[in-house]
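First up is the structure itself, then whatever we jot down about it.
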Amino acid sequence: MRDLGGEQSLREIWENYYKGTEGIIYVFDASDLNQQRIEESRQTFEQLVEEEELQDVPILIFANKQDKEQKLSKKDVENIFCDSIPMGGVFAVVECSVHNVGALTKGIEWIVSKIPQEKK
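Going from the sequence shown to the numbering used here is simple: count from 1 and add 8.
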């Protein structure tokens, strides 16, 4: 497992880690309601899932910061990202926050269950 960070300068090195990827966990700040940043995240995600080496891997999107009063719902996050998922792609959106370890565990268990046995 690798945490590659989302800053623009770090995105340039992401491709160095695509080979052998068995799943993607994309953490989205659901409390950031700025439309420009939402669109930037959607475009970044779209570019990521279009990479040839990342086809056919399960994708988990953590809709993070669900403990905040102002936030996007699971359905909102699905609407932002679902059109970017390749046809037939396996993905899930899980609402989470640092205060809800159960949701984090649920997401990790889901993605592990989607990785083919021979790769585990």
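Where a beta carbon is used, it is the ideal one built from N, C-alpha and C, also for glycine.
query, result
"In chain order, each alpha helix (DSSP H) run of at least 4 residues that lies wholly inside the segment 35 to 74", "43 to 57"
"Identity of the residue in Val-98, Val-85 and Cys-90 nearest Leu-7 by Cα", "Absent from the structure is residue 7, since the part of the chain shown begins at 9 and ends at 128."
"Cβ-Cβ distance between Gly-31 and Ile-93 below 8 Å", "no"
"Which residues DSSP lists as bridging Cys-101, in chain order", "Before going on, a small fix: residue 101 reads as Val here, not Cys. DSSP, once it has assigned bridges, lists Ile-69 as partnering Val-101."
"Bridge partners - Ile-32, DSSP secondary structure assignment", "Ile-67"
"Touch test, the segment 109 to 119 against the segment 84 to 93, Cβ-Cβ under 8 Å, three pairs minimum", "no"
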